[in-house]
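Reading the sequence shown from the start, the letters are residues 1133 to 1216 in this note's numbering.
Every residue, glycine too, gets a C-beta built ideally from N, C-alpha and C.
Remember, predicted model here, so these are calculated numbers, not experimental data.
See below for the structure under consideration.
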Amino acid sequence: MSTALSRAEGAARVRQESPITLIHAASVFPRGELWRTVSVKSLRRWIIGGKSGIRLESCRLRGELHTSVAAIGRFVEAIAARAV
């Protein structure tokens, strides 16, 4: 990711990518050395404050936070790139 998106741009992108609830996102989050079981609380924290300066893209639909599988992929790639 060469440029950071604003929250509004990230939200618009998530809306176009089939948004999923955070409960569903926690179940599809990839597992590995960097990631163990991911909780909804962790996802909210990464949406609001970020992890290592990178925020998980999200949008609010019907009063609930949603993200997308593609946004999770971008987030994981950006964190992994920062860890190297």
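Could you give the C-beta distance for Ser1178 and Leu1188, rounded to a whole number, given that I count them as a contact under 8 Å? The amino acid at residue 1178 is misidentified as Ser; the sequence shows Trp. Between Leu1188 and Trp1178 the Cβ distance is about 4 Å, and since that is below 8 Å, they are a contact.
Sheet register partners of Ile1204 (DSSP bridge): Per DSSP, none; premise fails for Ile1204.
What residues are listed by DSSP as bridge partners for Thr1153? Partner(s): His1198.
With Glu1233 and Thr1153 assumed to form a contact (beta carbons below 8 Å), what rounded beta-carbon distance in angstroms separates them? Within the shown structure, residues of the chain are numbered from 1133 to 1216, placing residue 1233 beyond reach of any answer.
Rounded to whole angstroms, how far is the Cβ of Phe1161 from the Cβ of Ile1204, which I believe are closer than 8 Å? Taking the Cβ atoms as the reference, Phe1161 lies roughly 6 Å from Ile1204, within the contact range of under 8 Å.
Arg1147 lies in the alpha helix (DSSP H); which residues open and close that run? Run containing Arg1147: Arg1139 to Gln1148, per the alpha helix (DSSP H) assignment.
Residues bridged to Lys1183 by DSSP? Residue pairing by DSSP puts Lys1183 in a beta bridge opposite Ile1186.
Taking buried to mean at least 16 other C-beta atoms within 10 Å of its own C-beta, is Gly1142 buried or exposed? Answer is buried; the Cβ neighbour count reaches 16.
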